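These notes are about the structure you will find just below.
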Amino acid sequence: MNAYSGRLALVGDRSPHVRSHTRIPGLLKELEKRDHLDLDVYWVPSDDVDDALEGFDGIWLLPGSPYRSEAGAVTAVRIAREHGIPFLGTCGGFQHAMLEFARNVCGATGVQHGESTPDADELLIVPLQCSLDGHEGGVQVRAGTRAAELLGVERSMERYHCSYGLDSSKLDLLREHGMVFSGYDDAGEPRIAELPGHPFYLASLFQPELAGDGRRPHPFIQAFAHAVAGRSDQIAETGRGAMPAAT
199 MNAYSGRLAL
209 VGDRSPHVRS
219 HTRIPGLLKE
229 LEKRDHLDLD
239 VYWVPSDDVD
249 DALEGFDGIW
259 LLPGSPYRSE
269 AGAVTAVRIA
279 REHGIPFLGT
289 CGGFQHAMLE
299 FARNVCGATG
309 VQHGESTPDA
319 DELLIVPLQC
329 SLDGHEGGVQ
339 VRAGTRAAEL
349 LGVERSMERY
359 HCSYGLDSSK
369 LDLLREHGMV
379 FSGYDDAGEP
389 RIAELPGHPF
399 YLASLFQPEL
409 AGDGRRPHPF
419 IQAFAHAVAG
429 RSDQIAETGR
439 GAMPAAT
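And the structure:
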């Protein structure tokens with residue numbers, strides 16, 4: 199019997215019609231078998247997010263936007279970022295991680311998501327020039343980043359299911375405040391973001407949970423799960439609630 203390996207919050211509005219949501223339970227089972235990571239998993243709807251998330255060892259903001267509560271999705275990212283909780287954001291999770299960082303770290307409080315507020319004056323998340331709904335695409339990975347370390351290649355083929363991405367004109371604002379864009383598509387558009395000073399903070403516009411046939415977890419998911427378990431072990435040694443917040 200495997201040991202307890204940490205509490206994981208899957209944040210998103212669970213639906214049998216979202217392929218990501220149906221794939222993830224099987225991936226977590228594979229991690230249990232392959233890596234002996236028996237995570238205690240909770241699905242948290244976006245409109246149920248509150249400060250109780252601070253007690254989790256990992257937060258994964260899942261695809262499936264527009265969420266029932268954009269505020270809830272953004273709050274989940276903020277809690278992970280401020281409390282040093284391992285964070286993974288995929289597809290809509292990437293988009294809302296960028297919203298959270300722009301609003302709460304960069305001071306761009308008025309930026310909006312083009313899917314939920316298309317007529318807003320200042321859009322951070324905009325329609326892609328070419329929809330990536332159900333497509334695969336190449337991702338060029340920057341050397342020396344966490345993404346490069348995990349993927350182990352300079353270029354990776356990844357699967358998407360989205361039609362919105364980050365407005366590239368806002369990249370410098372995010373970079374100036376510490377966000378690192380570690381992966382780009384072949385046209386130079388950002389596809390992976392990470393925060394180097396955080397225990398584990400990785401967001402991708404593509405969906406690593408859709409890689410392959412579901413029997414071998416993507417390196418991002420595997421590394422995230424180990425970070426969740428590692429935080430749980432560290433807290434067990436120091437006492438839950440005694441972990442310092444990330445700076």
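Just so we're aligned, residue 199 is where the sequence shown starts under this note's numbering, counting upward by one.
Beta carbons are placed, not taken as given, at the ideal position from N, Cα and C, and that holds for glycine.
Every value quoted in this text rests on a predicted model; they were computed, and no experiment measured them.
For residue i, the nearest candidate out of the options (CA to CA)
| i | options | result |
| --- | --- | --- |
| residue 362 | 382, 403 and 430 | 403 |
| residue 396 | 385, 413 and 378 | 378 |
| residue 427 | 332, 208, 210 and 235 | 235 |
| residue 420 | 347, 387 and 383 | 347 |
| residue 368 | 320, 265 and 351 | 320 |
| residue 277 | 366, 299, 218 and 263 | 299 |
| residue 453 | 392, 316, 349 and 313 | In the structure displayed, the chain extends from 199 to 445; residue 453 sits before or after that span and is not available. |
| residue 252 | 217, 279 and 318 | 279 |
| residue 293 | 305, 311, 307 and 285 | 311 |
| residue 249 | 237, 231, 227 and 272 | 272 |
| residue 223 | 423, 400 and 318 | 423 |
| residue 385 | 318, 303, 413 and 339 | 339 |
Environment of residue i [buried if 16+ CB atoms lie within 10 Å]
| i | result |
| --- | --- |
| residue 288 | buried |
| residue 343 | buried |
| residue 432 | exposed |
| residue 406 | buried |
| residue 354 | buried |
| residue 281 | buried |
| residue 411 | exposed |
| residue 328 | exposed |
| residue 351 | exposed |
| residue 219 | buried |
| residue 359 | buried |
| residue 213 | exposed |
| residue 211 | buried |
| residue 416 | buried |
| residue 370 | exposed |
| residue 430 | buried |
| residue 203 | buried |
Test item: CB-CB of residue i and residue j under 8 Å
| i | j | result |
| --- | --- | --- |
| residue 283 | residue 323 | no |
| residue 274 | residue 259 | yes |
| residue 291 | residue 264 | no |
| residue 383 | residue 332 | no |
| residue 460 | residue 349 | Residue 460 lies beyond the stretch modelled for the chain, which goes from 199 to 445, so this question has no answer here. |
Supposed contact pair residue j and residue i - C-beta distance, whole angstroms, cut 8 Å
| i | j | result |
| --- | --- | --- |
| residue 376 | residue 390 | Wrong, their Cβ atoms sit about 15 Å apart, outside the cutoff. |
| residue 387 | residue 356 | Not really, about 13 Å apart at Cβ, beyond 8 Å. |
| residue 418 | residue 330 | Incorrect: roughly 17 Å between the Cβ atoms, too far for contact. |
### Query
Is the segment 204 to 221 touching the segment 232 to 246 in the sense that three or more CB pairs, one from each, lie closer than 8 Å?
yes
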